[in-house]
Amino acid sequence: MKQAIFQPHFRLIITFVLGLIISALHNPQWLLGLLCLTAGVLAMVLIRQNKPLQFYLRRAILFNLFTLLIWLTLSWRITLNGMAWNPAGVHTALLITLRMNLILCTIWLCLLNITDSILVQAVSKLPLPDKLIQLFILTVRYISLVGELNRQMTQAMKARGFQPKFNRRTFSVTVQRVALLLIRAMVQVEKSEMALKARGFRFASRSSLLDKPWWKTVEISTALLLAIGIYYAQR
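Position one of the sequence shown corresponds to residue 1339 (the working numbering), numbered consecutively onward.
Written as structure tokens, this is what we have:
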């Protein structure tokens, strides 16, 4: 039973439920305390498994660059007298920052050591519609291919002596790079999908719950409960 709980598809479900709970919290003190606790547990697990802390710290810093834009946007408001401090916006930015970082640490902790292939297998075990499983699998594969192609293009540009600057040529090269990256990634995804189908891979759920007559009632009830919860959370 203990090993079953830590299987990848159960860890996905736990991560999803924890994300919903975190999104419903509105107390900054609770969020800060949970963030410190989760970050501490994550650091201990990474140290115990000899994972590089610098890698996760660097990704967390890059992730929080987006939260910096949120603070710059919500901290001020335009009034008749010009720019003014916005306490309500600061509170909202604080909640968003704490929630985003707590969800990030939760995902890292719950999905540690899960690769792309394991994640795809875990999703196929969930009782989800076939189209949603296909969309998720292709999205994961697309992100992986984009990252791989981006690294290759970065190395090629460095080998050719390209140095980005704040000028027109850099903007032009960046636009061409993004366009080429998307086109090549799309071609690679189509080839990957054809290869998966040629090997007999089915974009369908392997869960036996979909065959149960009562599962449709569970799906409808869950959707209604989520809609009611979102409605009351926004009031």
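Note that beta-carbon positions come from the ideal geometry of N, C-alpha and C, so glycine has one too.
Leu1400 counts as exposed, since fewer than 16 other beta carbons sit within 10 angstroms of its beta carbon. According to the DSSP secondary-structure assignment, Met1382 is paired through a beta bridge with no residue. In chain order, Cys1448 place their CB closer than 7 angstroms to the CB of Ile1352, counting only its own chain and leaving out the 5 sequence neighbours on each side. Three or more beta-carbon pairs separated by less than 8 angstroms link the segment 1390 to 1410 to the segment 1428 to 1438, which places the two stretches in contact.
Cβ neighbours of Leu1442 within its own chain (closer than 8 angstroms, five residues either side excluded): Ala1398 and Phe1401.
Taken atom to atom, the span from the alpha-carbon of Val1355 to that of Leu1412 is near 28 angstroms.
A contact is defined here as three or more CB-CB pairs under 8 angstroms, and the segment 1521 to 1531 meets this definition with respect to the segment 1480 to 1487. When rounded, the separation of the alpha-carbon atoms in Leu1450 and Ile1475 is 19 angstroms.
In terms of Cβ geometry, Arg1515 and Met1532 do not form a close pair [threshold 8 angstroms]. Linking Leu1369 to Ala1494 through their CA atoms gives a straight-line distance of about 43 angstroms.
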